[in-house]
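Q: Okay, here's the structure, questions in a sec.
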Amino acid sequence: MIPIGFPTLVDRAPRFSLRCAKWLGLACLLAVSVSASLLGESLEKGPVYFYDRYGSQQTSKAVASYRVFTPFEVNWILIDEPCLIRKYSKDGVTLDVLLSDPKLEALWVRITLEKRFTDESLAAALSAYGSGWKRVRSVEEVGLEIPLLHVKHVFRSERGRLAYFSPVTKQLMIYSPSVIEFFKDFHAKRAEEQAKVPVF
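Going by numbering that gives the first Met the number 0, the first residue of the sequence shown is number 0, and it counts up by one from there.
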């Protein structure tokens with residue numbers, strides 16, 4: 000059942016199976032973990048957590064940095080930290096998980112379904128990540144001084160967590176606080192550089 004006030008975001012499609020909705024709910028929890036080296040806040044979910052729910056990862060790659068898509072004015076932000084990007088898949092649900100290195104804690108997750116997201120499966124995914132999810136109606140509701148280009152597809156939980164549903168790729172992305180900190184730092188540096196440009 001969709002929570003009261005939950006917005007209709009996606010085209011109607013055949014109802015997603017309860018089994019897949021269950022896996023979706025677990026998937027969203029993966030993204031709550033935060034790199035302790037960045038913010039000191041973590042749910043301590045790592046490879047063992049993923050393995051217990053999705054089995055062995057399909058792929059795993061160590062990277063020095065990773066670009067994350069965002070709903071903000073600058074669509075791609077570089078996470079300039081050593082990371083692991085891993086892919087998991089089970090029961091029609093695929094996860095791309097960005098893990099901090101060496102702590103192996105989830106920083107960001109992207110969820111893709113074999114079938115299109117329905118309102119029910121999207122709500123199930125978000126509710127597993129936190130409570131009180133609502134669609135953002137203005138930039139001010141996000142609580143960040145960062146321009147948003149896709150406000151109507153951004154969600155905020157009652158704890159201030161952010162998620163973005165892409166109407167183009169039909170994927171759900173959930174951002175940990177540490178990734179949001181990267182967004183804030185990037186925009187602060189960008190604004191500082193722009194202020195230094197002489198005006199003629």
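Every residue gets a Cβ at the ideal spot worked out from N, C-alpha and C, and that includes glycine.
Give me the DSSP bridge partner(s) of Ile179.
A: Residue numbering aside, residue 179 sits at position 180 when the sequence shown is read from its first letter. For Ile179, which the question treats as bridged, DSSP gives no partner whatsoever.
Q: Determine the contact status of Arg85 and Leu77, defining contact as a CB-CB distance below 8 Å.
A: The residue given as residue 85 occupies position 86 in the sequence shown. The residue given as residue 77 occupies position 78 in the sequence shown. No; because the gap between Cβ atoms is not below 8 Å, this pair is not in contact.
Q: From this set, Leu112, Pro46, Pro81, Val47, which residue's C-alpha is nearest Ala63's C-alpha?
A: Position 64 of the sequence shown, counted from the start, is the residue given in the question as residue 63. With distances taken between Cα atoms, Ala63 lies closest to Pro81.
Q: Does the contact criterion of 3 or more C-beta pairs under 8 Å hold for the region 155-163 versus the region 46-55?
A: Touching, no, given that fewer than three Cβ pairs across the two stretches are closer than 8 Å.
Q: For Pro71 and Asp90, what's the separation of their Cα atoms in angstroms?
A: In the sequence shown, the residue the question calls residue 71 occupies position 72. In the sequence shown, the residue the question calls residue 90 occupies position 91. Per the sequence shown, residue 71 should be read as Phe rather than Pro. Phe71 and Asp90: Cα-Cα distance of roughly 32 Å.
Q: Per DSSP, what kind of secondary structure is Leu112 in: helix, strand or coil?
A: Indexing the sequence shown from 1 puts residue 112 at position 113. Leu112 falls in the strand class under three-state DSSP.
Q: Using 8 Å as the threshold, is the C-beta distance between Ser165 and Trp107 below it?
A: Numbered from its first residue, the sequence shown carries residue 165 at position 166. Numbered from its first residue, the sequence shown carries residue 107 at position 108. The answer is no: Cβ separation not under 8 Å.
Q: Checking 8 Å against the spacing of the C-beta atoms, do Gly129 and Arg109 come in under that value?
A: Counting from one through the sequence shown, the residue named residue 129 turns up at place 130. Counting from one through the sequence shown, the residue named residue 109 turns up at place 110. Against a cut-off of 8 Å, the Cβ pair of Arg109 and Gly129 comes out as no contact.
Q: Ends of the alpha helix (DSSP H) at Val135?
A: The count along the sequence shown starts at 1 and reaches residue 135 at position 136. Element bounds for Val135: n/a, residue is neither H nor E.
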